[in-house]
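Let me begin by presenting the structure, written as structure tokens, before commenting on it.
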Amino acid sequence: MIYLQRAQLCLIEDFQFFFMQKDMRVFERPKCSVTDPADVVLKVTTTFICGSDLHMYCGYMPGMKSGDVVGHEFMGIIDEVGPGVKNFKKGDRVVASALIACFNCWACKEQSFSLCETTNPSKETSVACGDRTGGIYGYCHLTGGYDGGQAEYVRVPMADNNLLLVPDGLKDEQVIFLSDILPTGWHANELARVGEGDNVAIWGCGPVGMMAATSAFNRGANRVVVIDSQQYRLDFLKSNLPKVETINRNDKKVYSALRDLFPHGPDVAIEAAGFHYVPNPLHKVEVAVGMETYTSEIINELIYCVRKGGRIGIVGDYITYCNHFNLGAFMEKGLTMAAGQVYIHKYWPTLLSKIESGEIDPSFVITHTLPLGEAPKGYQIFDDKVEGCVKVEQSTH
Numbered sequence: 001m002i003y004l005q006r007a008q009l010c011l012i013e014d015f016q017f018f019f020m021q022k023d024m025r026v027f028e029r030p031k032c033s034v035t036d037p038a039d040v041v042l043k044v045t046t047t048f049i050c051g052s053d054l055h056m057y058c059g060y061m062p063g064m065k066s067g068d069v070v071g072h073e074f075m076g077i078i079d080e081v082g083p084g085v086k087n088f089k090k091g092d093r094v095v096a097s098a099l100i101a102c103f104n105c106w107a108c109k110e111q112s113f114s115l116c117e118t119t120n121p122s123k124e125t126s127v128a129c130g131d132r133t134g135g136i137y138g139y140c141h142l143t144g145g146y147d148g149g150q151a152e153y154v155r156v157p158m159a160d161n162n163l164l165l166v167p168d169g170l171k172d173e174q175v176i177f178l179s180d181i182l183p184t185g186w187h188a189n190e191l192a193r194v195g196e197g198d199n200v201a202i203w204g205c206g207p208v209g210m211m212a213a214t215s216a217f218n219r220g221a222n223r224v225v226v227i228d229s230q231q232y233r234l235d236f237l238k239s240n241l242p243k244v245e246t247i248n249r250n251d252k253k254v255y256s257a258l259r260d261l262f263p264h265g266p267d268v269a270i271e272a273a274g275f276h277y278v279p280n281p282l283h284k285v286e287v288a289v290g291m292e293t294y295t296s297e298i299i300n301e302l303i304y305c306v307r308k309g310g311r312i313g314i315v316g317d318y319i320t321y322c323n324h325f326n327l328g329a330f331m332e333k334g335l336t337m338a339a340g341q342v343y344i345h346k347y348w349p350t351l352l353s354k355i356e357s358g359e360i361d362p363s364f365v366i367t368h369t370l371p372l373g374e375a376p377k378g379y380q381i382f383d384d385k386v387e388g389c390v391k392v393e394q395s396t397h
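Residue numbering for the sequence shown follows the UniProt record's numbering, starting at 1 and increasing by one per position.
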């Protein structure tokens with residue numbers, strides 16, 4: 001049974017939460033404070049539940065500890081400023097990057113900000129990947145153990161690097177997308193080099209898939225097809241992005257449906273679904289008994305469906321091993337593939353400009369707005385895909 005306790009809001013208490021497998025709880029803890037001269041404390045106004053948060057909610061993410069605060073999509077008003085902060089002041093309205101970058105290391109100087117070499121102290125990441133990757137808010141101790149933004153207050157380290165000042169006239173519901181999923185959708189297109197005239201197939205009609213489709217059209221794609229098993233999400237996207245074409249994998253074989261549209265296959269395949277797509281019983285068994293952590297099934301389908309010489313971009317999260325990857329088909333078809341966590345800071349100038357001009361309005365994906373105290377309900381409807389849920393916004397005011 002989920003127990004929620006809501007006290008009077010005050011300056012010394014804030015609501016934050018942790019969870020075990022599908023067990024979300026809201027609790028109180030002392031307000032965070034500046035611990036380094038480069039920190040700010042942000043009073044959160046709006047935060048999102050991300051599809052990546054479901055990795056932890058469903059028990060697929062190692063490195064979680066009791067009391068960890070989750071959430072990496074958030075924005076708010078600066079409440080406290082460290083003496084070393086130069087670019088921001090108390091009262092500024094800002095969006096936080098989900099990923100934390102130092103701006104000084106080799107990776108940051110290459111604008112590969114999610115690969116920052118200094119913001120993630122986890123040794124396990126180096127063992128798993130061969131290299132250290134960047135820190136992420138509220139995303140377990142493998143990514144630094146930073147408290148996340150699904151809270152009333154959050155500490156933002158290296159604030160001069162990791163916050164974006166919000167221009168007057170823009171609503172939270174527009175700019176909060178710059179914290180993660182709009183840049184991630186754009187990044188998927190960058191990875192696959194989507195450009196003028198391309199035919200693009202996107203696996204996953206969640207919020208990231210919708211941002212990837214929006215980005216593909218903005219970059220000049222000719223046709224964009226989105227594949228999912230949830231008809232309500234496909235219909236929702238079609239109603240907001242009429243040019244998009246959709247395939248419900250429950251109704252049609254994906255390969256056949258795509259070849260009916262594109263005889264040689266799409267030029268580009270984008271994976272925006274992640275671990276949630278596991279229809280094959282063999283993979284379900286292997287995951288259940290610990291023989292694999294993530295399934296390669298969807299990636300193999302991309303390889304099978306994309307045209308010869310095609311391009312694949314992967315932004316769905318894969319943390320460790322997946323079995324049965326079809327390397328042979330990938331090689332024989334002459335494909336190229338790129339993957340990775342998004343370089344949020346790199347895309348901020350471009351995407352903020354597109355939001356300001358009205359060229360892109362990502363707010364259409366928000367279907368539910370709940371107070372932070374109802375976070376357990378938000379996670380449940382998002383994970384179960386009920387009540388027409390696409391994206392859950394959580395408000396602290």
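Using N, Cα and C, we set each Cβ at its ideal position, and we do this for glycine too.
Here E110 carries a coil assignment [DSSP, helix/strand/coil].
Excluding five sequence positions before and after Q341, the CB atoms of its chain that fall closer than 6 Å to its own CB belong to S114, given in chain order. Here P37 has G82, P83, G84 as same chain residues with Cβ atoms under 7 Å from its own Cβ, once five neighbours each way along the sequence are excluded. CA-CA distance, F103 to V40, rounds to 17 Å. In the structure shown, the three-state DSSP call for L335 is coil.
By the criterion of at least three beta-carbon pairs nearer than 8 Å, the segment 189-201 is in contact with the segment 223-231.
Nearest C-alpha to Y146 among C32, E110, V244, D160: C32. Given a length threshold of 4 residues, each whole run of the alpha helix (DSSP H) inside the segment 204-283 is given here in chain order: 207-218, 231-240, 254-261. I77 and G91 have their C-alpha atoms spaced approximately 6 Å apart.
In the DSSP annotation of this structure, the continuous segment of the alpha helix (DSSP H) that includes L54 starts and ends at 53-57.
Residue pairing for V41: DSSP places it in a beta bridge opposite E80, R155. Apart from the 5 residues on each side of it in sequence, T35 sits with its Cβ closer than 8 Å to the Cβ of R155 in its chain, given in chain order.
Q231 sits exposed, since fewer than 16 C-beta atoms from the chains shown fall within 10 Å of its C-beta. If you keep only unbroken alpha helix (DSSP H) runs of at least 4 residues inside the segment 368-392, you get 375-384. When the five nearest sequence neighbours on each side are left out, no beta carbon in the same chain lies closer than 8 Å to the beta carbon of L327. Comparing alpha carbon positions, the residue from V175, G169, P157 closest to V365 is V175.
DSSP places N161 in the helix class (H, G or I) of the three-state scheme. In this structure, the straight-line span from the alpha carbon of K354 to that of A272 is close to 22 Å. In the structure shown, I360 falls within a coil segment according to DSSP collapsed to helix, strand and coil. Under the three-state reduction of DSSP, F177 is assigned to helix.
Sequence-distant Cβ neighbours of V208 in its own chain, meaning closer than 7 Å and more than five residues away, are G51, I181, T184, G185, A272, V315.
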